[in-house]
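Taking it in order: structure first as structure tokens, then the write-up.
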Amino acid sequence: MLNIDEFTNRLKKIMDYYDLSAAVLADKISVQRSSISHLLSGRNKPSLDFVLKITSIFKDIDLQWLINGNGSFPQKTENSSTTSTPILFQNNEVSGKKIERIVVFYSDGTFDEYLK
């Protein structure tokens, strides 16, 4: 039988391994963000569909490990990278546009505005 606390710990381990927030994980496996929140809080148990989405998107995650903890979890290698360079930094074309204003928002609700 599935132990929800252990499953939650394994889900958190996956999120840490791939450096994903709950929102990004939800988007990646095409589920509602509230589904991840409810699973992490222990409110809901994972559906079979949810478990299969995890293992289909993250090919190196073993189904048996995810469900009951048997098997092994993949180890990071020094050469492997789980993140790729954002497309923003790959585009070398000059668009002719110029930045007029930059606004930086801080977590305390304040912001700074920089004008040309």
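Residues in the sequence shown are numbered from -17 upward in steps of one, following the numbering used here.
In this text, a Cβ means the ideal position worked out from N, Cα and C, and glycines have one as well.
When the alpha-carbon of S23 is set against those of I(-14), K80, G78, L97, the nearest one is in I(-14). Cβ neighbours of F(-11) within its own chain (closer than 7 Å, five residues either side excluded): P28.
Note on geometry: alpha-carbon atoms of N52 and E95 lie some 52 Å from one another. A distance of 8 Å or more separates the beta carbons of R83 and L48. Residue burial annotation: L97 is exposed, with fewer than 16 other C-beta atoms found within 10 angstroms of its C-beta. Here L30 is exposed, its C-beta having fewer than 16 other C-beta atoms within 10 Å. When C-alpha distances from K35 are compared across F55, Q14, R25, the shortest belongs to Q14.
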